[in-house]
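Numbering (our numbering), first residue to last: 247 to 597.
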Amino acid sequence: MSKLDFVDLRSDTVTLPTEEMLEAIRHAKLGDDVYGEDPTVNELEALAAERMGKEAAVLVPSGTMANLVSLMSNTKRGNLVILESEAHMYWYEVGGVSAIAGLLPWPVKSKFGAFDPADVEAAIRPRNIHFPEPALVCVENTHNRHGGTVVLPGQLKAIGEVARAHGLRFYMDGARVFNAAVALGVDVKEFARQVDNLMFCLSKGLSCPVGSLVVGSRDFVERARKNRKVLGGGMRQAGVIAAAGIVALEEMVDRLADDHRNARFLAEGCVEVDGLGVDLARVQTNMVVLDIGGLGVEDALFVSMLKERGVLVGVIGKGKVRLVTHRGIEREHMEKALEAIKGVVGELRVR
Ligand code: TLP
Numbered sequence: 247m248s249k250l251d252f253v254d255l256r257s258d259t260v261t262l263p264t265e266e267m268l269e270a271i272r273h274a275k276l277g278d279d280v281y282g283e284d285p286t287v288n289e290l291e292a293l294a295a296e297r298m299g300k301e302a303a304v305l306v307p308s309g310t311m312a313n314l315v316s317l318m319s320n321t322k323r324g325n326l327v328i329l330e331s332e333a334h335m336y337w338y339e340v341g342g343v344s345a346i347a348g349l350l351p352w353p354v355k356s357k358f359g360a361f362d363p364a365d366v367e368a369a370i371r372p373r374n375i376h377f378p379e380p381a382l383v384c385v386e387n388t389h390n391r392h393g394g395t396v397v398l399p400g401q402l403k404a405i406g407e408v409a410r411a412h413g414l415r416f417y418m419d420g421a422r423v424f425n426a427a428v429a430l431g432v433d434v435k436e437f438a439r440q441v442d443n444l445m446f447c448l449s450k451g452l453s454c455p456v457g458s459l460v461v462g463s464r465d466f467v468e469r470a471r472k473n474r475k476v477l478g479g480g481m482r483q484a485g486v487i488a489a490a491g492i493v494a495l496e497e498m499v500d501r502l503a504d505d506h507r508n509a510r511f512l513a514e515g516c517v518e519v520d521g522l523g524v525d526l527a528r529v530q531t532n533m534v535v536l537d538i539g540g541l542g543v544e545d546a547l548f549v550s551m552l553k554e555r556g557v558l559v560g561v562i563g564k565g566k567v568r569l570v571t572h573r574g575i576e577r578e579h580m581e582k583a584l585e586a587i588k589g590v591v592g593e594l595r596v597r
C-alpha cells in the first residue's frame with residue numbers, strides 16, 4: 247500500500263491476492279468441479295478437512311453461502327436454530343436463515359460471543375406439540391459484532407455438551423477461526439473438534455479473492471454439496487479459486503499475528519484519546535470497535551471526516567465504529583490512522 251492510498255480499515259475482506267496466489271491461479275490444473283473433476287478443488291477440500299481434523303470439506307463462493315448450506319444441511323425446514331443475538335447469520339445474511347433455510351432463529355444473548363451454557367439449556371424448550379423442533383446451536387468464532395472476540399475451546403466444549411445432551415447439532419461460523427487459533431497460539435483443530443461442523447473463509451484475513459469452506463463429516467458435506475447446487479453455487483473450473491486457497495492455508499495463517507499486534511497498537515492509542523471509548527478486553531484479534539457516542543455527532547460525520555484524512559472505517563451500530571487490520575496494513579498505517587482519529591476528535595471537541 248503506498249502512502250497516497252487510503253488506509254482501508256473497513257474490513258479484512260478488502261485484502262487482495264498475493265503474487266504467489268496469482269502465480270498459483272495461473273498454473274492451476276483445472277476440471278469441471280460439478281463432476282468432481284477439478285484436481286485443484288479436490289486438493290483444497292482435502293487440505294481443509296485435514297487442517298480441521300474432519301472427514302470432508304466443500305468449497306463455496308462466500309461465507310454467507312457457507313452458513314446457509316450448513317444451516318440447510320444440519321436441519322429440516324420448520325426447525326428452531328439457536329443463534330447468538332449478535333451473530334452474523336442473524337444480522338447480515340439477509341434473513342436467509344428463515345427466507346431460504348425455513349428455520350426459526352432463536353437469539354440468545356452473550357457477553358463476548360460465548361453463550362452461558364445455562365442460557366442455551368434454557369432456550370431448548372421441551373418437545374411439545376406447540377413448539378418447533380430444536381435442531382441446531384450455532385456459535386461464531388471470532389465473533390464479529392462483539393469486536394473479534396475469541397470463543398475459547400473450553401467454552402465451545404461446554405456449549406456442545408448441552409447441545410448434544412438434547413440431541414441438537416453444534417455448528418461454528420468460523421469465518422475467522424484462524425484468527426482465533428493464532429490469538430491463542432493453538433492448532434485450529436482445538437476449536438474444530440468441539441463442533442460437529444463449521445465453515446471458514448479464505449477471503450478475509452487469509453487474503454484470497456473469493457471462497458469459503460464447509461467442513462464436517464462425509465455425510466454432512468455430501469448434503470452441503472447438494473445444497474450448494476440448489477443455491478446455484480456449483481462451480482465449474484473452480485480451481486482458479488482453490489489455487490489461491492491452497493496458498494492461503496499453507497502460507498497466510500501465521501501472519502495473522504501481525505494484524506492482531508497492529509489492532510492492539512491502534513486500540514491502546516485510542517484509549518488515550520479523550521472522548522473515545524475502547525473496550526480493550528474485546529481487542530483480542532484484528533478488530534477495534536470505537537465508541538464515539540461521547541462525541542455527540544452523527545456517525546456518518548465522523549466517518550467522512552476520517553475519510554478526508556485518508557482513513558476508511560465502518561459503522562456497526564449507533565456510535566460504534568469498527569476498524570479492521572489486515573495484510574497490507576503496516577505499523578506506519580496504524581500511526582497514520584491514530585493521528586487521523588486524534589485530529590478528528592480534536593476538531594469535533596472544539597466545535
Ligand atoms: N463479514 C463482513 C460483513 O458482512 C459484515 C465483514 O466485513 O466483517 N460470518 C462472519 C462472522 C462474517 O464476518 C462474514 C462477513 C460472513 C460470515 C460472510 O462472509 P461473506 O462476506 O464471504 O459472505
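Here a beta-carbon is modelled for each residue, glycine too, at the ideal position from N, C-alpha and C.
- Under the DSSP assignment, Tyr417 falls in the beta strand (DSSP E) whose first and last residues are 415-419.
- Contact between Arg568 and Val559 holds: their C-beta atoms lie close to 7 Å from each other, under 8 Å.
- Of the candidates Arg469, Ser550, His572, His572 places its Cα closest to the Cα of Met533.
- At a Cβ-Cβ threshold of 7 Å, Trp352 and Leu382 do not count as neighbours.
- Between the region 367-387 and the region 499-513 there are fewer than three C-beta pairs closer than 8 Å, too few to call the two in contact.
- Contiguous alpha helix (DSSP H) elements confined to the region 264-312 occur at 265-273, 285-298, taking only those with 4 or more residues.
- Pairwise C-beta distances place the region 581-593 in contact with the region 538-557, as three or more of them are shorter than 8 Å.
- Shown here, Asn443 sits in a strand according to DSSP, grouped into three states.
- Residue pairing from DSSP leaves Pro455 without any beta-bridge partner.
- Here Leu526 has Ala513, Glu514, Val517 as same chain residues with Cβ atoms under 8 Å from its own Cβ, once five neighbours each way along the sequence are excluded.
- Residue pairing by DSSP puts Gly523 in a beta bridge opposite Asp537.
- Tyr338 has its Cβ nearer than 6 Å to a heavy atom of ligand 1.
- Boundaries of the beta strand (DSSP E) around Glu330: 326-330.
- Contact check for Gly451 against Asp284 fails: the beta carbons are separated by 7 Å or more.
- By the neighbour-count criterion, in which a residue is buried when 16 or more other Cβ atoms sit within 10 angstroms of its Cβ, Ala360 is buried.
- DSSP places Leu350 in the strand class (E or B) of the three-state scheme.
- Ser458 and Leu448 have their alpha carbons spaced roughly 5 Å apart.
- Within the region 349-432, the runs of beta strand (DSSP E) at least 3 residues long that lie entirely inside it are, in chain order, 350-354, 380-386, 415-419.
- The beta carbon of Arg469 is closer than 6 Å to those of Ser319 in its chain, skipping five residues each way along the sequence.
- When Ala292, Arg297, Thr310 are compared, the shortest CA-CA separation from Val304 is found for Ala292.
- For Arg568, the enclosing beta strand (DSSP E) begins and ends at 566-570.
- DSSP lists Asp254 as the bridge partner or partners of Leu558.
- Looking at Ile562, Asp505, Lys472, the one whose alpha-carbon comes closest to that of Met580 is Asp505.
- Excluding residues up to 5 positions away in sequence, Thr310, Asn313, Leu314 lie with their Cβ nearer than 8 Å to the Cβ of Glu339 in the same chain.
- DSSP places Gly574 outside both helix and strand once states are collapsed to three, so it counts as coil.
- Straight across, the Cα-Cα distance linking Leu444 with Gly406 is about 13 Å.
- For His334, the Cβ falls inside the 6 Å cut-off from some heavy atom of ligand 1.
- Ranked by how close their Cα comes to the Cα of Ala494, the residues Val260, Thr286, Arg410, Thr264 have Thr264 in first place.
- Exposure of His273 is indicated by the presence of fewer than 16 other C-beta atoms within 10 angstroms of its C-beta.
- By the neighbour-count definition (other C-beta atoms within 10 Å, threshold 16), Val408 is a buried residue.
- Cβ-Cβ separation between Ala302 and Gly462: approximately 7 Å, consistent with a contact (criterion under 8 Å).
- The beta carbon of Arg323 sits closer than 6 Å to those of Gly348, all from its chain and outside the five residues before and after it, given in chain order.
- When the beta-carbon positions are compared, Gly521 and Val428 stay at least 7 Å from each other.
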